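Data first, discussion second: the structure below is written as structure tokens.
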Amino acid sequence: MASGGADRISALLDELLHHVLSFLPAHEAVRTCALARRWRNLWRSAPALRVTGVKGCKNSAWFVNFVQTLLLRRDPGAHLDSFELDLDERDFDFDKPFLPVNEWHVTRWFRHAVTCGPRVLLAVRTTSGIYKNPGDYETLDLLNAPLISRQLTRLELQMVTVRGRMLNFSGCPALVDLKMEECDIMGNIYSPFLKRLSIILGHFQTDPFRARICLPGLVSLELIGAMRRAPVLVESMPRLVSAVVRLDSTCVDSCPKNDNGDCHDRECYGCYGAGAYDRRGQSVLLNGLSEVAELELSVGSKVFIVNRDLKLCPTFSKLKTLLLSEWCPDIASDLNVLSCFLNHSPILEKLTLQLSEVPKDAVETQRSYTPSGQSIACSHVKIVVIKCHEVDARAHKVLNILSAYGIALEKNNIQRTNRTSGS
Numbered sequence: 322m323a324s325g326g327a328d329r330i331s332a333l334l335d336e337l338l339h340h341v342l343s344f345l346p347a348h349e350a351v352r353t354c355a356l357a358r359r360w361r362n363l364w365r366s367a368p369a370l371r372v373t374g375v376k377g378c379k380n381s382a383w384f385v386n387f388v389q390t391l392l393l394r395r396d397p398g399a400h401l402d403s404f405e406l407d408l409d410e411r412d413f414d415f416d417k418p419f420l421p422v423n424e425w426h427v428t429r430w431f432r433h434a435v436t437c438g439p440r441v442l443l444a445v446r447t448t449s450g451i452y453k454n455p456g457d458y459e460t461l462d463l464l465n466a467p468l469i470s471r472q473l474t475r476l477e478l479q480m481v482t483v484r485g486r487m488l489n490f491s492g493c494p495a496l497v498d499l500k501m502e503e504c505d506i507m508g509n510i511y512s513p514f515l516k517r518l519s520i521i522l523g524h525f526q527t528d529p530f531r532a533r534i535c536l537p538g539l540v541s542l543e544l545i546g547a548m549r550r551a552p553v554l555v556e557s558m559p560r561l562v563s564a565v566v567r568l569d570s571t572c573v574d575s576c577p578k579n580d581n582g583d584c585h586d587r588e589c590y591g592c593y594g595a596g597a598y599d600r601r602g603q604s605v606l607l608n609g610l611s612e613v614a615e616l617e618l619s620v621g622s623k624v625f626i627v628n629r630d631l632k633l634c635p636t637f638s639k640l641k642t643l644l645l646s647e648w649c650p651d652i653a654s655d656l657n658v659l660s661c662f663l664n665h666s667p668i669l670e671k672l673t674l675q676l677s678e679v680p681k682d683a684v685e686t687q688r689s690y691t692p693s694g695q696s697i698a699c700s701h702v703k704i705v706v707i708k709c710h711e712v713d714a715r716a717h718k719v720l721n722i723l724s725a726y727g728i729a730l731e732k733n734n735i736q737r738t739n740r741t742s743g744s
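Counted from 1, the sequence shown has number 494 at position 173 by the working numbering; the numbering is strictly sequential.
Dropping the structure here:
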């Protein structure tokens, strides 16, 4: 407001002012009630609520009371488009990293927000830069109760513990996007409606069984860094267009001695620990990916679950684009993966092999690899892109391997990548 002039901001339409308030943390949005009479109740009907920590707050009881009052005093007739619970220990002024809320508080706020019919729900605990190891922090905990909403379309959870009953999203017919990052997943994920799923560093805790993922309508899947046992993709997903699966050392399905999960050392947790026998002899991942059109796959040299799945390798009847990242021609398990896809992908058009930056360490006992003759799939391959930092002996070895599958040299395109971007 100019000195002695009109309050032009307050003269704006409610819709514009609500839009502005939607970008503010809740405690700052509430403070706008002191600006002028026009602002007194605007915060009560803002279309978005962002509950965050309060800088300088030393009283946990005050914070809990503030959030509960915030929700109770909201205009019950106002539409809530999104609710975000984003808590970070650094936003409070306690003597040590500490969140002033417990499972009961978080669940109550979350459930209250659901009754307001938001399209977007986010529950996030941000700890970046505080903890060096994942086991050093505790997740936000949600009570084990079904989530029911006819309006909810997107749900994002980070550093949250989610249990079985809440992981059944059949009560959310509009929910199409689910993202979970660094979450403790203690149950099976089910929804006939979900279209996009992203799980990054999911800590699957369903011992002595593997977690099940049953999403028949899924269009896009991202599974990166599964901690503990890899989950089971229960059935094929006929609508699946794209999938990214990356399994590294965080996956418990690993063994330094054997690439098939059968090292005969009973002390080996990867081969014989809790959950190891679940789905043995049955597909864990590949069967569920059998109808994908575009796939990116990356498997650590000691991760055996994909190599074991190869014994039951299905036909990838719709696969047209395949990227094998962190791939190494010196590792038998990686060669087995390539062989499987070349022999079981009848319409594969583009293959990209992104060579690992440094050679992988082989396990002590590997499955034997024998290159097969020309496969039916190879006649459909139009282009092969080989990405590597140096055109060295490994790159030339790849060309020889592809040649053994009847892929003509002129179809191969070698691209040198820099070590920083990997692109």
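Ideal Cβ positions, reconstructed from N, Cα and C, are used throughout, including at glycine.
A quick note: this is a predicted structure, and the numbers were derived from the prediction, not measured.
Annotated three-state conformation of E543 is strand, per DSSP. For a cut-off of 8 Å, the C-beta gap from E670 to K708 is around 17 Å, too long to register as a contact.
Per DSSP, reduced to three states, the secondary structure at H400 is coil, with no helix or strand assignment. Judged by DSSP secondary structure, I704 falls within the beta strand (DSSP E) whose first and last residues are I704 to C709.
Per DSSP, the beta bridge partners of Y511 are N489 and C535. Residue environment: N581 is assigned as buried (16 or more neighbouring CB atoms within 10 Å of its CB, all protein chains considered). Shown here for I521: same chain residues with a beta carbon closer than 6 Å to its own, the five before and five after excluded, namely E502 and I545 in chain order. Counting along the chain, the unbroken alpha helix (DSSP H) around T390 starts and ends at S381 to L393.
For R365 against D396, the beta-carbon gap comes to about 4 Å, under 8 Å, which counts as contact.
The continuous stretches of beta strand (DSSP E) do not include K718, which lies in the alpha helix (DSSP H) extending over residues A714 to A725. Within the DSSP secondary-structure output, Q675 pairs in a beta bridge with S646 and K708.
Listed in chain order, the non-local C-beta contacts of P529 below 6 Å within the same chain comprise A595 and G596, local neighbours out to five positions each way being set aside.
Listed in chain order, the non-local C-beta contacts of A466 below 7 Å within the same chain comprise R486 and M487, local neighbours out to five positions each way being set aside.
L401 places its beta carbon less than 8 Å from that of G438.
Here the alpha carbons of K732 and I506 stand approximately 43 Å from one another. In this structure L496 is in contact with L473, their Cβ atoms being roughly 5 Å apart against a cut-off of 8 Å.
Residue pairing by DSSP places E556 in no beta bridge whatsoever. Where T636 is concerned, there is no enclosing beta strand (DSSP E), because DSSP gives it neither an H nor an E. The three-state reading of DSSP puts K641 in coil, since its state is none of H, G, I, E or B. The secondary-structure analysis by DSSP pairs D407 across a beta bridge with T373 and V445.
If you ignore the 5 residues before and after A367, its C-beta comes within less than 7 Å of the C-beta of H339, L342, S343 and A350, all in its own chain and listed in chain order.
Comparing alpha-carbon positions, the option among S622, S381 and C699 lying closest to T642 turns out to be C699.
C378 sits in a strand when the DSSP states are folded into three classes.
Apart from the 5 residues on each side of it in sequence, L618 sits with its Cβ closer than 6 Å to the Cβ of V566 and L645 in its chain, given in chain order. Counted as a single uninterrupted DSSP element, the beta strand (DSSP E) harbouring I735 occupies residues N733 to R737.
Just measuring C-alpha positions, the residue of R432, A357, L337 and L607 sitting nearest C661 is L607. When the alpha-carbon of E647 is set against those of I330, D583, L640 and L674, the nearest one is in L674. Short of 7 Å from the beta carbon of R361, and not among the five residues preceding or following it, lie these beta carbons of its own chain, in chain order: C354. Cβ neighbours of R550 within its own chain (closer than 7 Å, five residues either side excluded): F525, R531, V573, D574 and G596. For R629, the number of other beta carbons within 10 angstroms of its own is at least 16, and it is reported as buried. Considering only C504, F490 and R471, the residue with the shortest C-alpha distance to Q479 is C504. Counted as a single uninterrupted DSSP element, the beta strand (DSSP E) harbouring I520 occupies residues R517 to I521. Setting aside the 5 residues that flank it on each side, R394 is surrounded in the same chain by R365, each with a C-beta closer than 7 Å to its C-beta; the list follows chain order. Secondary structure note for A564: its beta strand (DSSP E) is the uninterrupted segment S563 to L568. In the three-state DSSP reduction, D630 falls in the helix class (H, G or I). Secondary structure at D586: coil, using DSSP grouped into helix, strand and coil.
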